[in-house]
Structures are given as structure tokens and as C-alpha cells.
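Q:
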Amino acid sequence: MRVLSNHIAIRVMEDEHDRLSAVIRGMQHFVRAISKGKKAPDPKVFRAMLEYISEYPHKVHHPKEDQYLFARLRARTNRVNQTLDELESQHRQGESQTLALEQALTRYELEGVAAFQPFFDLVETYAEFYSHHMELEEDVVLPAAIKFLKPDDWAVIDAQFAANADPLAGSAYKESLDKLFSLIVNIAPAPIGRGPAS
Ligand SMILES: [Fe+2]
Ligand SMILES: [Fe+2]
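Position in the sequence shown (from 1) plus 154 gives the number in the working numbering.
#1: Which first and last residues belong to the alpha helix (DSSP H) in which ASP196 is found?
#2: Given that a residue counts as buried once 16 or more other Cβ atoms are within 10 Å of its Cβ, and exposed if not, what is ASN318?
#3: Three Cβ pairs or more, each shorter than 8 Å: is that satisfied between the segment 251-267 and the segment 288-297?
#4: DSSP state of LYS190, grouped into three classes?
#5: Relative to ligand 2, is the shortest distance from any of its heavy atoms to the C-beta of MET181 smaller than 7 Å?
#6: Here's the rule: buried if 16 or more other CB atoms are within 10 angstroms of the residue's CB, otherwise exposed. What is LEU264?
#7: Hey, ARG226 and ILE162: beta-carbon distance below 8 Å or not?
#8: Can you have a look at LEU158 and say buried or exposed, based on whether 16 or more other CB atoms are within 10 angstroms of its CB?
#9: So is the beta-carbon of GLU282 under 7 Å away from any non-hydrogen atom of ligand 2?
#10: For the alpha helix (DSSP H) that contains MET288, what are its first and last residues?
#11: Distance check for GLY180 and LEU337, CA to CA, integer angstroms please.
#12: Between VAL166 and PHE315, how many whole angstroms is the CB-CB distance? I'm expecting something under 8 Å.
#13: Say the cut is 7 Å; is the CB of MET364 nearer than that to a heavy atom of ligand 2?
#14: Please classify LYS218: does DSSP put it in a helix, a strand, or coil?
#15: So the alpha helix (DSSP H) THR252 belongs to, where does it begin and stop?
#16: GLN182 and ALA281 look like a contact to me (Cβ under 8 Å); what is the Cβ gap, rounded to whole Å?
#17: Please identify the residue among PHE302, ASN235, PRO195 whose C-alpha is closest to the C-alpha of ASP220.
Shown next as C-alpha cells:
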């Protein structure tokens, strides 16, 4: 559920959720196509998606949530502490989950169909996990933030979420992640991306 707000931080956060959702939907589309016996996509596409969901949340998205939005919210209210604890714990699990996905993909590439089911299951589990994660942020954390945060909190949070305050903005690393996202959108088949329908 999207909240109505003019805060830059909220627009940036929702936009980043949209990007991550699109990539994760792309991953599901590919494993589901394989499970239905359709032509397997180029593993390079899947590797690009995996790299994106490994790097972008960890380096760009989660730190801004933890250090600014969640921290300021904890300082103003304890009503959502349990949800924030859960979300921070999920942020810490992210790296091991994407590593497990990468290992499962490697096994599938090496062993073929015998290693497909664990890979398929991990993708579906990850998609469910991350969708629930974003829902908690949008349905519980953002309404609480709008209710409890003060203008001086928002001044700091908006500045940190704004692209020009992003510590990675303009860096080669950030540009490479943006390029990676464009690449995924261009090569993934419709309706996920702009590539030819599969
Ligand atoms: Fe998060
Ligand atoms: Fe998030």
C-alpha cells in the first residue's frame, strides 16, 4: 500500500522498492518458465539480476533505512520497535540469502535439471520474503513515520534519501548499478522488461 506524501525519502524508498520488485519478478518469471519446460533464459540474465539484488539493497537501500528512517523513528516512538527489529534482522540476512541463490544457480548450471528444484524453491522463497519485507516497511513503518516524525527528522531523512545526498551518487559504483538495472530491463522479456516476449 502506498502512502500519500510529498517527502522525497518516501518517494525514493518506494521507487527503490519498485526497482527491486521488478528484478525479483524477473527472477521468478525465469524459473517459472524453466519449470514449465519453456526455453531456459541465458544464465547471464539471471546472474545480472542476482548481482543487482545482492548489491543494491546492501549498499544503497538498507543502510539509508537503518541509519536514518528507522533510527529516527525509534527515537520518537517505541510502538513499532518490534517491526523495526524484524526488518533490521532481515536486512542482515540479505547477504546470506543472495549467496545461497548464487550457489544454487551455479549448481543448476553445472548439474542441470537435477539441481533445478532447490534453485526454483529458493527463488520463490526469496521473492515471498522480500515482498513481505517491503510490505512491512510500506504498511507499518511509513504510516508510523508520517505520524511520529517531526520536521527536523524529515529534513535529515529526506536529505539522506535524495539522490544528490546519496554517498554513492555520481560514483562509478552507483553508475554501474544503474547501468546494470537498465541492462536487466532491456534484456528481460516483457512484461518484466523491454526485451522480446518469451
Ligand atoms: Fe528494508
Ligand atoms: Fe526497503
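All residues carry an ideal CB built from backbone N, CA and C; glycine is no exception.
A: Quick answer:
#1: Element bounds for ASP196: n/a, residue is neither H nor E.
#2: Note on ASN318: pLDDT 46, under 50, position unreliable in the model; the coordinate value appears next. Exposed, by the Cβ-count rule.
#3: Too few Cβ pairs lie closer than 8 Å, so no.
#4: Coil.
#5: no
#6: exposed
#7: no
#8: exposed
#9: no
#10: 270-290
#11: 12 Å
#12: Right, the Cβ-Cβ distance comes to about 4 Å (below 8 Å), so this counts as a contact.
#13: Any property of residue 364 remains undetermined from this structure, which presents the chain solely from 155 to 352.
#14: LYS218 carries a helical assignment under DSSP once its states are collapsed to helix, strand and coil.
#15: Where THR252 is concerned, the enclosing alpha helix (DSSP H) stretches over 235-265.
#16: 5 Å
#17: ASN235
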